[in-house]
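Each residue of the sequence shown is one higher than the one before, counting from 1 in UniProt numbering. Virtual Cβ for every residue (Gly too), placed ideally from N, Cα, C.
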Amino acid sequence: MSDYSDFCEMYGGSASDPDFMDNWLDEYVSLTPSSEEEWYQENEEKSHYDILLKHLSSIDTLLKIDVPSSAKFSLLVMLHGYIVSAIEGYLAGVFIHLVTNSDNLTRKLVESDPEFSKQKFTLKEIYEKQSTLKVTVSKYLKGLIFHDLKKIKPMYQTVLGHNFQDIAWLFEAVKIRHDCVHRAGYNKDGNRVLLTTGTILNLLGNVTDLSHEIEDTIKSHV
1 MSDYSDFCEM YGGSASDPDF MDNWLDEYVS LTPSSEEEWY QENEEKSHYD
51 ILLKHLSSID TLLKIDVPSS AKFSLLVMLH GYIVSAIEGY LAGVFIHLVT
101 NSDNLTRKLV ESDPEFSKQK FTLKEIYEKQ STLKVTVSKY LKGLIFHDLK
151 KIKPMYQTVL GHNFQDIAWL FEAVKIRHDC VHRAGYNKDG NRVLLTTGTI
201 LNLLGNVTDL SHEIEDTIKS HV
């Protein structure tokens, strides 16, 4: 029995079912906005880094499965979107958890973020809002799109002291993810985006390295 047949059997499917892989991807890999949000709201006793590694741990295994050629591109499309969503969830989870659990970091955010700095309050309002400041900050952060890297980069640097290195690869990955999510892996001209086993492995490596760098910053400076 082939690896693919074994895989299908393990999930109660059949290798002869042409829709099995698409159905499996939809159920086990594809992420909805609500499930992305759950990632960084998951058990706070767990490290968001550990959660990220848990979500990425199956990528190598999935890439080694001998899927039918007709399903291969669909698999790569789903995996690319999955990895980008994983790092987005990590970036959000780490930042929100650290800021909302630290008076110092909350103050740094409020003083440096344009959305807060442009607001004007009377002394009475400042006093009244002080008691609910962290709730306000939490709601604001949870409303942010954490793949908007042009906004997230300066926030990480100013508040957490983390200076992102060259992340042009992540900007490109987010762009491709848009085509994966909204056009099933095709760009606006109707052409397939460039996705291979190699590009998925490179993205996986880059995401892992990025999370290592952020964890080092947290341990050293936060």
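Under three-state DSSP, which class holds residue i?
i	result
methionine 155	helix
leucine 76	helix
histidine 147	coil
serine 85	helix
phenylalanine 164	coil
valine 67	coil
asparagine 101	coil
glycine 12	coil
aspartate 17	coil
Quick check: the Cα distance between residue i and residue j, rounded to an integer number of angstroms?
i	j	result
arginine 192	isoleucine 176	10 angstroms
leucine 201	glutamate 172	15 angstroms
tryptophan 39	leucine 144	Any reading at tryptophan 39 must be qualified, since the residue scores a pLDDT of 43, below 50, and its modelled position is unreliable; no value is offered.
proline 68	lysine 153	40 angstroms
threonine 196	leucine 76	7 angstroms
isoleucine 51	leucine 170	20 angstroms
serine 74	asparagine 187	14 angstroms
threonine 217	histidine 162	6 angstroms
glycine 12	leucine 141	40 angstroms
lysine 108	threonine 158	7 angstroms
tyrosine 49	glycine 205	15 angstroms
glutamate 111	serine 47	27 angstroms
lysine 139	aspartate 17	45 angstroms
asparagine 101	valine 135	11 angstroms
aspartate 189	phenylalanine 146	27 angstroms
valine 99	leucine 105	5 angstroms
leucine 62	proline 114	42 angstroms
histidine 97	histidine 178	27 angstroms
So who's on the other strand from residue i, going by DSSP bridges?
i	result
tyrosine 186	Arg192
Which stretch, first to last residue, makes up the alpha helix (DSSP H) that contains residue i?
i	result
aspartate 113	Unbroken run through aspartate 113: none, as it is neither H nor E.
aspartate 60	59–64
residue 226	Because the chain is modelled from 1 through 222, residue 226 falls outside the range shown and cannot be assessed.
With distances taken Cα to Cα, identify the nearest neighbour of residue i among the options.
i	options	result
alanine 168	Lys150, Gln157, Gly161, Gly185	Lys150
leucine 210	Gly198, Gly13, Leu91, Ser58	Leu91
threonine 199	Ile59, Tyr49, His48	Ile59
lysine 54	Tyr186, Ile87, Phe164	Ile87
histidine 182	Gly81, Met155, Tyr156, Leu109	Gly81
leucine 194	Gly205, Cys180, Tyr49, Phe116	Cys180
valine 94	Ala184, Gly205, Ile65, Tyr156	Tyr156
valine 174	Asp66, Ser14, Ile96, Asp148	Asp148
glycine 185	Asp166, Lys72, Asn104	Lys72
serine 85	Ile214, Lys219, Leu203	Leu203
serine 160	Phe116, Val207, Ile214, His178	Checking the displayed sequence, the identity of residue 160 turns out to be leucine instead of serine. The option with the nearest alpha carbon to leucine 160 is Ile214.
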